[in-house]
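*Asks:* After the structure tokens below, expect a handful of questions from me.
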Amino acid sequence: TKDLNRIFCLQTKYGDIYDCVDFYKQHAFDHPSLKDHNFHPKMKPALSSIKKNASDSTSSWSSTIWSKDGGCPFGTVPVKRITKDDILRQRHLPPPPEDVSFDAQFDVSNNNSGPKERYTSGYKVAIARTPYDANNKFKGAGMVTNFYNPEVNGRQHSACRLKIQQGSEILQVGWRVDPTLYGDTKTRLYIHTQVDKTNCFNTFCSGFVQVNTGIPLDMSLMDSVAHRGGTTFEGRMYIEQDLDSGNWWLLLSDNYEQVGFWPQQIFTGLASFATNVEWGGVVYSPPGVPKPPMGSSYFPIGDNLYDAFCRSIIVLNETGMVNQVDKVTIHINNPNMYQAIFERLESDKVSYLFLLYGGPGEKSQI
1 TKDLNRIFCL QTKYGDIYDC VDFYKQHAFD HPSLKDHNFH PKMKPALSSI KKNASDSTSS
61 WSSTIWSKDG GCPFGTVPVK RITKDDILRQ RHLPPPPEDV SFDAQFDVSN NNSGPKERYT
121 SGYKVAIART PYDANNKFKG AGMVTNFYNP EVNGRQHSAC RLKIQQGSEI LQVGWRVDPT
181 LYGDTKTRLY IHTQVDKTNC FNTFCSGFVQ VNTGIPLDMS LMDSVAHRGG TTFEGRMYIE
241 QDLDSGNWWL LLSDNYEQVG FWPQQIFTGL ASFATNVEWG GVVYSPPGVP KPPMGSSYFP
301 IGDNLYDAFC RSIIVLNETG MVNQVDKVTI HINNPNMYQA IFERLESDKV SYLFLLYGGP
361 GEKSQI
């Protein structure tokens, strides 16, 4: 049984219980493409130029959650203990935002000038994306984001994400408030994997290989939640393809802590590169339920102390070189509820391009 895989458990100061699971017994290796893998706990990516190009710093937020000790021992990884309630709630998770069930790559009504966008019913977004170019070949992307705790209820959720995509294959990292997924209304880290007609959060399906002993994929970020107009905490998030192995690595914080990777073997399109990158807010509510707040719960006003944001947004080109993104396409599918602005602002006397996003949802219409 799975209980035999447990070495011991750790508790966070928020009461979350994590089992330290043997590296080789983690759920990732149930994937049929990974039966003959040669992965090991000391794996590291051959990183590109991201680290060399880092010029600004953010607050460290990776080691603050444990009530004592600093995570699991080497050779194991922290995996949240699953309860019966967790499994029952999973049945009520909505499908992913992107409807990738269609084959048409281009919208003929748009003179074939860009990919067709279809969002699953119930979702609203306020995002920036890389401009459409048939020759886009990205080897990674990143952002620095601040964390908020928008009020959600029932089966609503509210999130900020970095998303990379090729065709129907999509990888995401970000923060979210999601009672259906997590059973609480804390702001938490998440990853999402959409590949081969399956999709899941964190480690609920096989594929993502954890290597970090101290950063769980669903860790609470409540210590780092911004207070509008006051204290703001930031976190750095990257998804980068290892140019040697083709694995997609998740890197967090200023130290570029290597959390784990999606192996190249599980992909077809993303085995080579991504063609589309997005940054920004996404919310969901089921039919008949008002849309929840996004980001800071207010429309952006052009001030990073008051707005939810993604800044220092980058992509990596085909050779792994870092390109600062200075041109984006803004997409908002309900401007009465949410807005997004892309503009240059100063932060600590340094100038950055910011995507400022957010909104009250349907509260403004009541």
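Numbering (full-length UniProt numbering), first residue to last: 1 to 366. Cβ coordinates follow ideal geometry from the N, Cα and C atoms, glycine included.
1) Should A134 go down as buried or exposed, given a rule of 16 or more other Cβ atoms within 10 Å for buried?
2) Looking only at its own chain, which residues have a Cβ that is under 7 Å from the Cβ of N146, when we skip the five neighbours before and after it?
3) Excluding the 5 residues flanking R344 on each side, which residues of the same chain have their C-beta closer than 8 Å to its C-beta?
4) For L305 and chain D, any beta-carbon pair shorter than 8 Å?
5) Name the DSSP beta bridge partners of L270, please?
6) First and last residue of the alpha helix (DSSP H) that includes Y352?
7) CB V77 to CB F23, shorter than 8 Å?
8) Pull up the distance between the alpha-carbon of D218 and that of N136, whole angstroms please.
9) Excluding five sequence neighbours on each side, which residues of the same chain lie with their C-beta closer than 7 Å to the C-beta of H31?
10) Enumerated in chain order, which unbroken segments of the beta strand (DSSP E) with a length of 3 residues or greater are wholly contained in the region 304-330?
11) Exposed or buried, which one is F299 when buried takes at least 16 other CB atoms within 10 Å?
12) Can you have a look at P150 and say buried or exposed, based on whether 16 or more other CB atoms are within 10 angstroms of its CB?
13) Go to Q90, then tell me how far its alpha helix (DSSP H) extends in each direction, as first and last residue.
14) In or out: K124 buried (at least 16 other Cβ within 10 Å) or exposed?
15) In or out: C160 buried (at least 16 other Cβ within 10 Å) or exposed?
16) K163 and F273: beta carbons closer than 8 Å?
17) Exposed or buried, R81, counting other C-beta atoms within 10 Å across all chains shown (16 or more means buried)?
18) Beta-carbon separation of G122 and S296 under 8 Å?
19) For a quick check, are the C-beta atoms of I191 and Q166 less than 8 Å apart?
20) Once DSSP output is grouped into helix, strand and coil, what is the label at D22?
21) Measure the alpha-carbon distance for C72 versus I17 and round it to whole angstroms.
22) Do the region 194-201 and the region 253-270 touch if we need at least three Cβ pairs shorter than 8 Å?
*Replies:* Short version:
1) Exposed, because fewer than 16 other Cβ atoms sit within 10 Å of the Cβ of A134.
2) A226, T232, F233, E234, A308, F309
3) S351, Y352, L353, F354
4) The structure shown contains no chain D; it is built from a single protein chain.
5) L270 pairs with nothing; no bridge assigned.
6) Element bounds for Y352: not the alpha helix (DSSP H) but the beta strand (DSSP E), 350-359.
7) yes
8) 31 Å
9) S206, G207, I266
10) 308-316, 322-324
11) buried
12) buried
13) 84-90
14) buried
15) buried
16) Against a cut-off of 8 Å, the Cβ pair of F273 and K163 comes out as no contact.
17) The residue is exposed, with fewer than 16 neighbouring Cβ atoms inside 10 Å.
18) no
19) The answer is no: Cβ separation not under 8 Å.
20) strand
21) 12 Å
22) Enough Cβ pairs lie closer than 8 Å, so yes.
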